[in-house]
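Undergrad: Sharing a structure here in structure tokens format.
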Amino acid sequence: MQRGYLTSGVLADLVKSGVRGLTSNPTIFQKAIQGSSDYDEQFAEELSKGTSPIDAYWEMVIADINGAADVFQSLYDSSNGGDGFVSVEVDPRLAHDGHGTLSAARRLHEVVNRSNVMIKIPATQEGIPAIREMIAEGRNVNVTLIFSLSRYQDVMDAYIDGLEQRVESGLSPVGISSVASFFISRVDNEIDKRLNALGTADALSLLGTAAVNQARLAYALFQKTFSGPRWERLKAAGAQVQRPLWASTSTKNPDYPDTKYVDELIGPHTVNTLPEPTLHAFADHGTVACTIDKELSTSRRQWAQLAMNQIDVDEVAEQLEREGVASFIQSFEELIHALEAKAETL
Numbered sequence: 003m004q005r006g007y008l009t010s011g012v013l014a015d016l017v018k019s020g021v022r023g024l025t026s027n028p029t030i031f032q033k034a035i036q037g038s039s040d041y042d043e044q045f046a047e048e049l050s051k052g053t054s055p056i057d058a059y060w061e062m063v064i065a066d067i068n069g070a071a072d073v074f075q076s077l078y079d080s081s082n083g084g085d086g087f088v089s090v091e092v093d094p095r096l097a098h099d100g101h102g103t104l105s106a107a108r109r110l111h112e113v114v115n116r117s118n119v120m121i122k123i124p125a126t127q128e129g130i131p132a133i134r135e136m137i138a139e140g141r142n143v144n145v146t147l148i149f150s151l152s153r154y155q156d157v158m159d160a161y162i163d164g165l166e167q168r169v170e171s172g173l174s175p176v177g178i179s180s181v182a183s184f185f186i187s188r189v190d191n192e193i194d195k196r197l198n199a200l201g202t203a204d205a206l207s208l209l210g211t212a213a214v215n216q217a218r219l220a221y222a223l224f225q226k227t228f229s230g231p232r233w234e235r236l237k238a239a240g241a242q243v244q245r246p247l248w249a250s251t252s253t254k255n256p257d258y259p260d261t262k263y264v265d266e267l268i269g270p271h272t273v274n275t276l277p278e279p280t281l282h283a284f285a286d287h288g289t290v291a292c293t294i295d296k297e298l299s300t301s302r303r304q305w306a307q308l309a310m311n312q313i314d315v316d317e318v319a320e321q322l323e324r325e326g327v328a329s330f331i332q333s334f335e336e337l338i339h340a341l342e343a344k345a346e347t348l
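Per this note's numbering, the sequence shown starts with residue 3, numbered consecutively.
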């Protein structure tokens with residue numbers, strides 16, 4: 003997401019080419035705001051009204067999100083609320099503050115006030131209750147920074163708990179949407195590093211397998227969770243599944259195909275958020291085929307082999323969550339400091 007996509011018509015062209023939604027995060031906005039002059043006029047205008055730099059940041063973000071939501075509105079309408087969503091993240095510094103996250107998410111949802119916007123909440127242990135409450139209140143949620151199967155199950159359970167809480171209160175689940183953003187390439191980055199350090203033939207045979215295998219196992223969990231009597235009762239009331247979303251799908255390792263984390267993770271209900279280079283690469287030479295449930299037995303076997311090679315996938319997930327939260331906080335704080343410095347020159 004960046005302001006230039008809106009003003010130049012690039013985003014509208016992307017929608018025409020088949021893009022079904024858009025996401026943002028603190029790092030994306032840092033690059034957009036610091037990397038262009040597109041926001042200078044609005045920033046100066048906000049400061050002239052006595053707005054603080056951090057509040058001016060949120061005004062700029064909300065303007066972008068509302069502009070993008072406008073572009074996707076017709077798709078949202080024509081798909082009956084199935085596609086056409088734009089996601090915006092709460093202050094990342096609240097990642098381990100459950101009450102603060104819930105308050106910020108509610109406030110952001112109310113300020114944006116768009117049916118096709120999802121509020122992004124990190125899947126930290128502290129964030130899980132906020133997800134449940136947001137869903138119970140009828141607010142769309144994009145759950146981000148998921149790195150493990152166990153946490154993914156927690157996220158799906160929170161979604162279903164929230165829907166049940168809503169129905170038990172006499173309210174309808176119709177129109178409530180959510181995605182669970184499972185991060186992909188960072189898993190291979192870290193696990194490959196550990197496999198290379200081991201250097202055995204068995205360890206090296208697992209290079210480049212962990213991220214896709216975990217995503218396929220996650221999809222199997224998705225299928226199991228959104229089936230059976232408990233889910234069927236909610237479905238009969240009009241609830242829709244929480245869709246699995248594959249995030250961080252650009253390949254960091256140049257030895258891997260640039261569309262690896264797209265080609266190998268396609269299936270019903272899945273969403274894939276692509277950075278622009280990966281989007282263009284997939285349009286040029288990607289393969290469209292249902293692959294998400296391919297060779298699931300192989301995925302289970304290779305995933306189990308990681309433990310046999312002393313790879314603790316839970317510890318890896320905890321590390322990646324810490325790093326993901328820290329990275330977003332760093333981007334957010336660096337941008338706010340830059341805006342504060344800029345404000346002093348205006």
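Here a beta-carbon is modelled for each residue, glycine too, at the ideal position from N, C-alpha and C.
Indicate whether Ala34 and Phe45 have their beta-carbon atoms separated by less than 7 Å.
TA: Taking 7 Å as the Cβ cut-off, Ala34 and Phe45 do not qualify as a contacting pair.
Undergrad: Examine the Cβ distances between the region 126-139 and the region 91-107 and report whether three or more of them are shorter than 8 Å.
TA: The region 126-139 is in contact with the region 91-107.
Undergrad: Along the chain, where does the beta strand (DSSP E) containing Thr289 start, and where does it finish?
TA: Note, Thr289: premise wrong, no beta strand (DSSP E); not H, not E.
Undergrad: Within the same chain, show all residues whose beta-carbon is closer than 8 Å to that of Asp260, passing over the 5 residues directly before and after it, in chain order.
TA: Answer for Asp260: Ser252, Thr253, Pro279, Thr280, Ala283, listed in chain order.
Undergrad: Report the residue ranges of all alpha helix (DSSP H) runs contained in full by the region 186-218; include only those spanning at least 4 residues, in chain order.
TA: Qualifying alpha helix (DSSP H) stretches, in chain order: 187-200, 203-206.
Undergrad: Would Thr300 be called buried (16 or more neighbouring beta carbons within 10 Å of its own) or exposed?
TA: Exposed, because fewer than 16 other Cβ atoms sit within 10 Å of the Cβ of Thr300.
Undergrad: Take Gln167 as the anchor and find which of Gly140, Arg5, Glu91 has the nearest alpha-carbon.
TA: That would be Gly140, whose Cα lies nearest to the Cα of Gln167.
Undergrad: Please return the same chain residues whose Cβ sits closer than 6 Å to the Cβ of Pro28, not counting the five positions on each side in sequence.
TA: Cβ neighbours of Pro28 beyond the five flanking positions: Pro94, Phe330, Ser333, Phe334.
Undergrad: Kindly confirm or deny that the region 241-251 and the region 218-229 touch, where touching means at least three C-beta pairs closer than 8 Å.
TA: With a cut-off of 8 Å, the region 218-229 and the region 241-251 count as touching, because enough Cβ pairs lie within range.
Undergrad: Identify whether Gly86 lies in helix, strand or coil by the three-state DSSP scheme.
TA: Coil, per DSSP.
Undergrad: Using beta-carbon positions only, say whether Phe149 and Ala319 come within less than 7 Å of one another.
TA: For Phe149 and Ala319, yes; Cβs fall inside 7 Å.
Undergrad: Just checking: is the beta-carbon of His98 within a distance shorter than 7 Å of some beta-carbon in chain D?
TA: In the structure shown, chain D cannot be found, because there is only a single protein chain.
Undergrad: Tell me the rounded alpha-carbon separation between Ser183 and Met62.
TA: One C-alpha to the other measures close to 24 Å.
Undergrad: According to DSSP, which residues form a beta bridge with Asn144?
TA: Bridge partners of Asn144: Lys122, Val181.
Undergrad: Counting only runs of 4+ residues fully inside the region 224-248, write out the alpha helix (DSSP H) ranges in chain order.
TA: Here the runs fully enclosed are 231-238.
Undergrad: Less than 7 Å separating the beta-carbons of Asn142 and Ser179?
TA: Yes, the Cβ-Cβ distance between Asn142 and Ser179 is below 7 Å.
Undergrad: If you draw a straight line from the alpha carbon of Glu112 to that of Ser89, how long is it in whole angstroms?
TA: C-alpha separation (whole angstroms): 14 Å.
Undergrad: Going by CA-CA distance only, name the one from Pro270, Val273, Asp265 that's closest to Asp286.
TA: Ranking Pro270, Val273, Asp265 by Cα distance to Asp286 puts Asp265 first.
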